[in-house]
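Q: Numbering (the numbering used here), first residue to last: -7 to 291.
Where is the CB? At the ideal position from N, CA and C, for every residue including glycine.
Small disclaimer: the values here were computed from a predicted structure and weren't measured.
Before we start, here is the structure in question, set down as structure tokens.
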């Protein structure tokens, strides 16, 4: 594991420990919603289990509206309208972003994209209307050969051209949208960390280095931690079929906590099933939860 990654992990775990002291008590309602608008993606990345996902689906827009309408009654700090899938492949994306802006104007809208399919019209509207507050471009490489290997199915030159176009448009409108580029460290790209950082440091708002958590390959992080997971006390993950799951590690929706087609978000959040899992984490028995017992994400 590289020195940079070790430092990042230590800082992240320190931050999580500090936050945990405040938030290991369940919030009245999640302050962060992760809403999977689509599972459709144009890439087969070596660190992503997307190719094994069976539930290929775009979320019904009326279901999405139901989620946002209920969430608008609460203090939602962050909304990620993405999970497994490339959001710009969803024809309803801009409509969904506008609906969030209308119903929950104070919430930060944060998008994660591989950046490869954005067209000029989408970029113009997103930037001009300030439809998002942050966009995180997942790149994972700086050399074309490495990129084309790590992010199979994509083309480095095309992606970089589209991202640069987004950055140019954003600058023209006063850089209202925070921009991030992400680099998930694995055996195929770990030699490119310094070069990646040098190239992007003056072009985007921030650079994020993470680690392969083992969803598809052998993880860079291989230590199990029995600390409670902070996300189950403050965040909710809603799949495109309406199922609520514990986190992004449950990419096939095998451990549903309830479906928003049948129950409200609040009912699911306060359910005995959800509280049982939280309690297992609090008493350091999270290994009783099949999904959590296999998780390599620390703390």
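1) Would you tell me roughly how many angstroms separate the C-alpha atoms of residue 266 and residue 166, rounded to the nearest one?
2) Given that a residue counts as buried once 16 or more other Cβ atoms are within 10 Å of its Cβ, and exposed if not, what is residue 31?
3) Note down the Cα distance separating residue 263 from residue 36, rounded to an integer number of angstroms.
4) With DSSP run on the structure shown, which of helix, strand or coil describes residue 42?
5) Can you tell me the Cα-Cα spacing of residue 146 and residue 119, whole angstroms?
6) Going by other Cβ atoms of all chains shown within 10 Å of its Cβ, with 16 needed for buried, is residue 268 buried or exposed?
7) Give the secondary structure of residue 156 by DSSP, where H, G and I count as helix, E and B as strand, and everything else as coil.
8) Which one of 240, 283, 259 has the shortest CA to CA distance from residue 42?
9) Ignore the nearest five residues each way along the sequence and tell me which others in residue 136's own chain have a CB closer than 6 angstroms to its CB.
10) Taking the beta strand (DSSP E) that residue 25 falls in, what are its first and last residues?
11) Less than 7 angstroms between the C-beta atoms of residue 106 and residue 62, yes or no?
12) Which residue or residues does DSSP assign as beta-bridge partners of residue 128?
13) Which value, in whole angstroms, describes the spacing of the CA atoms of residue 258 and residue 233?
14) Per the DSSP calculation, residue 203 is bridged to which residue(s)?
15) Can you tell which of 24, 26, 46, 22 has its C-alpha closest to the C-alpha of residue 33?
16) Taking the alpha-carbon positions, what's the residue 129 to residue 190 distance?
17) Cutting at 6 angstroms between CB atoms, please list the residues of its own chain near residue 26, excluding the five before and the five after it.
18) Given a cut-off of 7 angstroms, decide if residue 54 and residue 100 are closer than it, judged by their beta-carbon atoms.
19) Just mark residue 156 as buried or exposed, buried being the case when its beta carbon has 16 or more other beta carbons within 10 Å.
20) Taking DSSP as the reference, what is the three-state secondary structure of residue 223?
21) From the DSSP output, in three-state form, read off residue 72 for me.
22) I'd like the list of long-range same chain contacts for residue 158, defined as Cβ closer than 6 angstroms, with 5 residues on each side in sequence excluded.
23) Under 7 angstroms, do residue 226 and residue 22 count as touching if we go by C-beta distance?
24) By DSSP's criteria, residue 234 is part of a beta bridge. Which residues make up the other side?
25) Counting only the same chain and skipping the five closest in sequence on each side, list residues whose C-beta sits under 8 angstroms from that of residue 172.
26) So, using beta-carbon positions, are residue 283 and residue 238 closer together than 7 angstroms?
27) Please name the residue in 252, 110, 253, 224 whose C-alpha comes closest to that of residue 270.
28) Ignore the nearest five residues each way along the sequence and tell me which others in residue 161's own chain have a CB closer than 7 angstroms to its CB.
29) Please state the DSSP three-state secondary structure of residue 258.
30) Give me the DSSP bridge partner(s) of residue 198.
A: With the structure as the only source:
1) 43 angstroms
2) With 16 or more other Cβ atoms within 10 Å, it is buried.
3) 35 angstroms
4) Three-state DSSP puts residue 42 in a helix.
5) 24 angstroms
6) exposed
7) helix
8) 240
9) 148
10) 24 to 27
11) Result no, Cβ atoms of residue 106 and residue 62 do not sit closer than 7 angstroms.
12) 104, 172
13) 18 angstroms
14) 177
15) 46
16) 16 angstroms
17) 72, 75, 229
18) No; because the gap between Cβ atoms is not below 7 angstroms, this pair is not in contact.
19) exposed
20) helix
21) Correct three-state label for residue 72: strand.
22) In chain order, 115 place their CB closer than 6 angstroms to the CB of residue 158, counting only its own chain and leaving out the 5 sequence neighbours on each side.
23) yes
24) Answer is none; residue 234 lacks a bridge partner.
25) 126, 127, 128, 129, 196, 197, 198, 199, 200
26) yes
27) 224
28) 115, 116, 119
29) helix
30) 172
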